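**Q** Before we start, here is the structure in question, set down as structure tokens.
There are 2 protein chains.
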Amino acid sequence: MAGALVGVKPTPILEEELDIVIPTIRNLDFLEMWRPFFEPYHLIIVQDGDPSRTIKVPDGFDYELYNRNDINRILGPKASCISFKDSACRCFGYLVSKKKYIFTIDDDCFVAKDPSGKEINALEQHIKNLLNPSTPLFFNTLYDPYREGADFVRGYPFSLREGVPTAVSHGLWLNIPDYDAPTQLAKPLERNTRFVDAVLTIPKGTLFPMCGMNLAFNRELIGPAMYFGLMGDGQPIGRYDDMWAGWCMKVICDHLGYGVKTGLPYIWHSKASNPFVNLKKEYNGIFWQEELIPFFQSAVLTKECTTVQQCYIELSKQVKAKLGKIDPYFLKLADAMVTWVEAWDELNGKVVVDQQ
Amino acid sequence: MAGALVGVKPTPILEEELDIVIPTIRNLDFLEMWRPFFEPYHLIIVQDGDPSRTIKVPDGFDYELYNRNDINRILGPKASCISFKDSACRCFGYLVSKKKYIFTIDDDCFVAKDPSGKEINALEQHIKNLLNPSTPLFFNTLYDPYREGADFVRGYPFSLREGVPTAVSHGLWLNIPDYDAPTQLAKPLERNTRFVDAVLTIPKGTLFPMCGMNLAFNRELIGPAMYFGLMGDGQPIGRYDDMWAGWCMKVICDHLGYGVKTGLPYIWHSKASNPFVNLKKEYNGIFWQEELIPFFQSAVLTKECTTVQQCYIELSKQVKAKLGKIDPYFLKLADAMVTWVEAWDELNGKVVVDQQ
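What follows is the structure, encoded as structure tokens:
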């Protein structure tokens, strides 16, 4: 009998296969709290602001740290595609990593506890999510059919039970929810206390708001699509870096037949960012997204696009042609998307990428 | 500020607006267990087998009971569309109800407990699900944004936050999961112990396996699409009644802009049906569904279909044209779909239906 267990693999530790990418660390407690979980792994810290500021990483961690000077040195003129003074710069870490998997987390995200009071090993759950297939072609009402104690329910077509490779694992947040500035302003006291014990595949053709706070992905499968755009210093928009990556990534995963999961693991999001500052950053995005969503919902990639890079370049052309009229920013962003892919290929070598 | 609370309505009891439809009752404990929850409501019991057998309903319940003789008497020649010796006959109850909402439940489903040990009022949760909007056009990572303590997350387009009317609320099952016969045979001891505290909208364009065990719907919005097909006595297939209804219903909801939710509430599914008997019933369905799913995934309804009835008749034509070649059964089923809609209009009056 086929059964879901066919797809379930053990969960190796993957120290040699995964990098943790952190966009700057302003909070020393952060690494101490995660020490038992992160110490076996290599950290890539991408400093988003003033390069003369020093980030002090506690002893015992294996890490490399990049500041703006490093980014400029390594990428040369192509450094223009990496955001400055914004956590969107984290995608530089995806570029320089040589590992198969990436876990990225913000420095205000701490270890959460499950309802029994046990500390949640977020990384372990992300790895489980990434190693097991996804089911984007048909919804399973008992959620992830590959989890222990679950399976495909009656009426789930047998031909779809092998699933597809999982490219992205999107984790959630207890305590401070990831709200936009208007909702933050309207509900300043709202906390997320609901622990939903589920992982599920976001169906093919459905877009979602991907948050970069607690996110893992298979870099070999989807890395070149995980570009966090142009945000922060000198740009008319902020806080849409992860959203942009999520929309591009989802369109490309749907085209190439990869899956995207959301749900577990939770982290504890310790503090809300300032809603007034956020409103200023989001202002344009709130308007623009009303046109971006229909754009991505209707984006079609041609059959000739068989690699992530080809898909991404094709998408950049459509951004230029169809979104350029909203604001010249999108012309610049479309160019930056091309630069990003060029930088990816330069640092990663076409050969490695084509092996996927 | 818009916020999700705009969409949240209080939960009236709706005794005058909801009927509970039960396909036969073989187990007297069933009604006793549900008494505190069901007593205020009207029950419609549809007896699936031998009309001479008597179902003894305990005192205190307000009910009407239909057996095969009643169905034949009320529908005349159109009774051919109602299954015999199969719980698919339950849809006759949807036909004769005059209420806005239907809750249907199997007689082996008991009251479940939440993780705190509290008995779950399944009906109340279904009503909440049906009264609050759905969000099929964009996925919200914190699940139902209209639930207390939740909202739309950053990046969710503001123009989509009003949601769409909810047509169906699909509840889940603790203890015995709703598995097909092959999975039952392979995992006889598997029990569903995972309480997932979530309600979510199944995205537009995504099909799912709708189980009729614990299901509620807005009869005014979607009733004529909730036909449970031809199963049981004299038919080459069983256990696909609710699946068939779910696929037809979902295609029509997507076309008309209605939402379908799944998740809470849980009931306690007490006993697994016999997997050997089930395999015999499912045998054809397991093969056929491999063609049915692509059929429903690609089914397109024309703009001229603006009522559920029109959609359903159009779908019946497509069933005849495209599925008839699989087996003559689908020609008969397509005819029964038309008969069902005719019976619906006859008993419900076109006027009521067109008011929606």
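Chains as they are written, first to last, in this note's numbering: chain R, 1 to 356; chain S, 1 to 356. Every residue, glycine too, gets a C-beta built ideally from N, C-alpha and C. Please read these numbers as outputs of a predicted model, since none were measured by experiment.
List the DSSP bridge partners of L65(S).
**A** In the second sequence, the residue the question calls residue 65(S) occupies position 65. Answer is I45(S).
**Q** When you compare the CB of F284(R) with every CB in chain S, is at least one pair closer than 8 angstroms?
**A** Your numbering for residue 284(R) matches position 284 in the first sequence. According to the sequence displayed, residue 284(R) carries Asn and not Phe. N284(R) does not count as touching chain S.
**Q** How about D86(R) and D233(R): are their beta carbons less than 8 angstroms apart?
**A** Counted from its first residue, the first sequence places residue 86(R) at position 86. Counted from its first residue, the first sequence places residue 233(R) at position 233. For D86(R) and D233(R), yes; Cβs fall inside 8 angstroms.
**Q** If the cut-off is 7 angstroms on Cβ atoms, which residues from the stretch 243–277 of chain S count as contacting chain R, listed in chain order?
**A** Result list: M243, T262.
**Q** Less than 8 angstroms between the CB atoms is what I'm expecting for A336(R) and D241(R), so what's the real figure, rounded?
**A** The sequence position of residue 336(R) within the first sequence is 336, counting from 1. The sequence position of residue 241(R) within the first sequence is 241, counting from 1. Not a contact, Cβ separation roughly 12 angstroms.
**Q** Please confirm whether T339(R) and S97(R) have their CB atoms less than 8 angstroms apart.
**A** The residue you call residue 339(R) lines up with position 339 of the first sequence. The residue you call residue 97(R) lines up with position 97 of the first sequence. No, they are not a contact pair.
**Q** Name the DSSP bridge partner or partners of A216(S)?
**A** As a first step, residue 216(S) must be located in the second sequence, where it is residue number 216. Its beta-bridge partners are F103(S), S169(S).
**Q** On the three-pair Cβ rule with 8 angstroms, is the stretch 203–214 of chain S touching the stretch 132–150 of chain R?
**A** Touching, per the Cβ criterion.
**Q** Please list, in chain order, the residues of the stretch 187–211 of chain S that have any C-beta partner in chain R closer than 9 angstroms.
**A** Listed by position along the chain: K187, E190, R191, N192, T193, R194, F195, V196, D197, A198, L200, I202, P203, K204, G205, T206, L207, F208, P209, M210, C211.
**Q** Ignore the nearest five residues each way along the sequence and tell me which others in W344(R)'s own chain have a CB closer than 8 angstroms to its CB.
**A** Taking the first residue of the first sequence as 1, we reach residue 344(R) at position 344. Hits under 8 angstroms: L95, G223, P224, Q309, V353.
**Q** Per DSSP, T201(R) forms a beta bridge with which residues?
**A** Working through the first sequence from its first residue, we reach residue 201(R) at position 201. In DSSP, T201(R) forms a bridge with K261(R).
**Q** For K56(S), name the three-state secondary structure that DSSP assigns.
**A** One-based indexing of the second sequence puts residue 56(S) at position 56. Correct three-state label for K56(S): coil.
**Q** Which chain S residues are close to F138(R), counting only those with a beta carbon under 9 angstroms from its beta carbon?
**A** Taking the first residue of the first sequence as 1, we reach residue 138(R) at position 138. Chain S residues near F138(R): T206, L207, F208, P209, I293, Q297.
**Q** Determine the burial state of T201(R): buried for a count of at least 16 other Cβ atoms within 10 Å of its Cβ, exposed for fewer.
**A** Residue mapping note: residue 201(R) aligns to position 201 of the first sequence, counting from 1. Per the 10 Å Cβ criterion, buried.
**Q** Compare the beta carbon distance of M213(S) and D106(S) with 8 angstroms and say whether it is the shorter of the two.
**A** One-based indexing of the second sequence puts residue 213(S) at position 213. One-based indexing of the second sequence puts residue 106(S) at position 106. Yes, the pair counts as a contact, with Cβ atoms nearer than the cut-off.
**Q** In chain order, what residues of the same chain have a beta carbon less than 7 angstroms from the beta carbon of I326(R), not counting five sequence neighbours either side?
**A** Sequence index remark: in the first sequence, residue 326(R) carries index 326 (1-based). Closer than 7 angstroms at the Cβ level, and outside the excluded window around I326(R), lie W288, E291.
**Q** Please confirm if P36(R) has its CB atom under 8 angstroms from at least one CB of chain S.
**A** As a first step, residue 36(R) must be located in the first sequence, where it is residue number 36. Closer than 8 angstroms: no.
**Q** So with Cβ pairs under 8 angstroms, would you call D241(S) a contact of chain R?
**A** Here the question's residue 241(S) lines up with position 241 in the second sequence. Not an interface residue.
**Q** So, using beta-carbon positions, are N284(S) and P328(S) closer together than 8 angstroms?
**A** On the second sequence, residue 284(S) is found 284 positions in, with the first residue counted as 1. On the second sequence, residue 328(S) is found 328 positions in, with the first residue counted as 1. Cβ atoms of N284(S) and P328(S): not closer than 8 angstroms.
**Q** Any C-beta of chain R sitting closer than 8 angstroms to the C-beta of R154(S)?
**A** Your numbering for residue 154(S) matches position 154 in the second sequence. R154(S) counts as touching chain R.
**Q** Can you pull out the residues from the stretch 23–48 of chain S whose beta carbon lies closer than 9 angstroms to at least one beta carbon of chain R?
**A** Going along the stretch 23–48 of chain S in chain order, one finds no residue with a Cβ nearer than 9 angstroms to chain R.
**Q** Which same chain residues end up closer than 7 angstroms to E39(S) when comparing Cβ atoms and leaving out the 5 residues on each side of it in sequence?
**A** Along the second sequence, one-based indexing puts residue 39(S) at 39. So the list reads G60, F61, once near-sequence residues are dropped.
**Q** Can you list, in chain order, the residues of its chain whose CB lies under 8 angstroms from that of A299(S), leaving out five sequence neighbours each side?
**A** Against the second sequence, residue 299(S) aligns to sequence position 299. Cβ neighbours of A299(S) beyond the five flanking positions: V251, L315, Q318.
**Q** Would you verify that the beta carbon of T166(S) is, or is not, closer than 8 angstroms to some beta carbon of chain R?
**A** Position 166 of the second sequence, counting from 1, holds the residue named residue 166(S). With 8 angstroms as the cut-off, T166(S) does not count as an interface residue toward chain R.
**Q** Between D254(R), S273(R), K322(R), K303(R), which has its C-alpha nearest D165(R)'s C-alpha?
**A** Start at 1 with the first residue of the first sequence, and residue 165(R) comes out as number 165. According to the sequence displayed, residue 165(R) carries Pro and not Asp. Looking at the Cα atoms, D254(R) is the closest of the given residues.
**Q** Measuring alpha carbon to alpha carbon, tell me which of M249(R), E346(R), D70(R) ends up nearest F296(R).
**A** Position 296 of the first sequence holds residue 296(R). If we check each option's Cα against that of F296(R), M249(R) comes out closest.
**Q** Are R195(R) and L215(R) closer than 8 angstroms when you measure CB to CB?
**A** Along the first sequence, read from residue 1 onward, the residue named residue 195(R) stands at position 195. Along the first sequence, read from residue 1 onward, the residue named residue 215(R) stands at position 215. This sequence places Phe at residue 195(R); Arg is not what is there. Not in contact: F195(R) and L215(R) (Cβ atoms no closer than 8 angstroms).
**Q** Would you give the residue range spanned by the alpha helix (DSSP H) that D19(S) belongs to?
**A** Locating residue 19(S) in the second sequence gives position 19, counting from the first residue. Not the alpha helix (DSSP H): D19(S) falls in the beta strand (DSSP E), residues 18–22.
**Q** Fully enclosed by the stretch 90–141 of chain R, which beta strand (DSSP E) runs are 3 residues long or longer?
**A** For the stretch 90–141 of chain R, whole beta strand (DSSP E) runs of length 3 or above, ordered along the chain, are 101–105.
**Q** Am I right that N192(R) and L142(S) are in contact with their C-beta atoms under 8 angstroms? What's the rounded C-beta distance?
**A** Locating residue 192(R) in the first sequence gives position 192, where the first residue counts as 1. Locating residue 142(S) in the second sequence gives position 142, where the first residue counts as 1. Going by Cβ atoms, the distance from N192(R) to L142(S) rounds to 7 angstroms, so yes, they are a contact pair.
**Q** Quick check: is the beta carbon of S87(R) nearer than 8 angstroms to any beta carbon in chain S?
**A** Within the first sequence, the letter at position 87 stands for residue 87(R). No, because no Cβ of chain S sits closer than 8 angstroms to the Cβ of S87(R).
**Q** With a Cβ-Cβ cutoff of 8 angstroms, do Y66(S) and V46(S) count as a contact?
**A** Translated into positions along the second sequence, residue 66(S) becomes position 66. Translated into positions along the second sequence, residue 46(S) becomes position 46. Yes, these two residues count as a Cβ contact at 8 angstroms.
**Q** Are the C-beta atoms of L142(R) and some chain S residue less than 8 angstroms apart?
**A** Stepping through the first sequence from its first residue, residue 142(R) is reached at position 142. L142(R) counts as touching chain S.
**Q** With DSSP collapsed to three states, give me the class of L207(S).
**A** Walking along the second sequence from the start, residue 207(S) turns up at place 207. Coil, per DSSP.
**Q** Mind listing which residues of the stretch 74–86 of chain R have their C-beta closer than 7 angstroms to chain S's C-betas, in chain order?
**A** For the stretch 74–86 of chain R, which is checked against every Cβ of chain S, not one residue is closer than 7 angstroms.
**Q** Which residues mark the beginning and the end of the alpha helix (DSSP H) in which L333(S) is found?
**A** Stepping through the second sequence from its first residue, residue 333(S) is reached at position 333. Here the alpha helix (DSSP H) through L333(S) covers 329–348.
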